[in-house]
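Asker: First, the structure itself, so that you have it in front of you.
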Amino acid sequence: MTLAIFLSALAMTLIVGVRYLLASGGFALATRFRHPDLYAGLDRQIRREIGWSLASAAIYGVPAGIVAWGWQNHGWTRIYTDLHAFPLWYLPLSVLLYLLAHDAWFYWTHRWMHRPALFRRMHAVHHASRPPTAWAAMSFHPWEAVTGAVVIPALVFLIPIHVGALGLVLTIMTVMGVTNHMGWEIWPRFVWQGPLGAWLITASHHQRHHEQYGCNFGLYFRHWDRLCGTDKGLGAFDRGHAAAGRRRALAE
Ligand SMILES: [Zn+2]
Ligand SMILES: [Zn+2]
């Protein structure tokens, strides 16, 4: 039994690790086509980002692996496979509930990690990326990775979700994690500058968090930031680019 749990955790670690490498690698490649010099001079930082991210993948794999094992062998969790176990309208609702719950957890733990004593111990690793790149999506100190790793494994015990909808939640989580750190917007302007962008977080919003630290703590949605007065609007990417330029000049 211990071996089965270990193997399940190992499999999950590999899945999370490979998912990270494919998603970040894919968007890093897209960045190279779209903005060829954006990550110039950041090779050392990117190596650090990949190292921390792979360590995070190992941490994410443990609770995910234990829960997956319990789901398969003991019927743990409220994950269901019969599409009609709940009404069809519940499918999109369940996805939204997961995103809202994850966002609330992220907002408050993230704010908490910005308290000076905790910042140094838990969150400085993530902010060492200046400016962040597509590889920074999972660049967390192990303690911060623990706070992120428990969310979905805990939610599957609380909120019923179809296994396919759960896959969609994990895909949204991965894509948003990468694109919000990428240093440019992949969404059309009407998304992030229009009424939708007033409530949804994209790269411009999270960029400002990496510039100013004390604001824009949210993950997917802006309502917690807006409610708590921590929303400072959208950031500009040129400052991040300028920093990269400076680093480049220093290296030459
Ligand atoms: Zn970030
Ligand atoms: Zn932060």
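Counting in the UniProt record's numbering, the sequence shown runs from 1 upward without gaps. Built from N, CA and C at the ideal position, the CB exists for glycine as well.
1. Which full runs of the beta strand (DSSP E) of 3+ residues lie inside the region 109-162, going along the chain?
2. Using 7 Å as the threshold, is the C-beta distance between VAL169 and VAL95 below it?
3. Can you list every residue whose CB sits closer than 7 Å to some heavy atom of ligand 1, going in chain order?
4. What is the DSSP secondary structure of residue 305, reduced to helix, strand or coil?
5. Pull up the CB-CB distance for TYR80 and PRO160, whole angstroms please, since I reckon it's below 8 Å.
6. What's the C-alpha gap between ASN180 and PHE157?
7. Secondary structure at TYR220, three-state DSSP: helix, strand or coil?
8. For ILE50, name the three-state secondary structure that DSSP assigns.
9. Okay, do the region 197-204 and the region 173-189 touch, 3+ Cβ pairs below 8 Å being the bar?
10. Is it buried or exposed for GLN207, if we count other Cβ within 10 angstroms and need 16 for buried?
11. For the candidate residues ALA134, THR174, HIS209, ALA85, whose alpha-carbon lies nearest to that of HIS123?
12. Can you tell me whether ALA23 is buried or exposed, with buried defined as 16 or more other CB within 10 angstroms of its CB?
13. Can you look up TYR213 in the DSSP assignment and give me helix, strand or coil?
14. Pick out whichever of TRP135, GLU144, LEU83 has its Cα sitting closest to the Cα of THR109.
15. Apart from the five residues on each side of it in sequence, which residues of its chain come closer than 8 Å, Cβ to Cβ, to GLY70?
16. Is the beta carbon of LEU29 within less than 6 Å of some heavy atom of ligand 4?
Answerer: Answer, in terms of the structure:
1. none
2. yes
3. HIS126, PRO132, ALA136, ASN180, HIS181, HIS206, HIS209, HIS210
4. The structure shown does not extend to residue 305, since the chain is modelled only from 1 through 252, so no value can be given for it.
5. 6 Å
6. 28 Å
7. coil
8. helix
9. yes
10. buried
11. HIS209
12. buried
13. coil
14. GLU144
15. TRP76, THR77
16. Judged by which ligands are present, ligand 4 is missing from the structure shown, whose ligands are ligand 1 and ligand 2.
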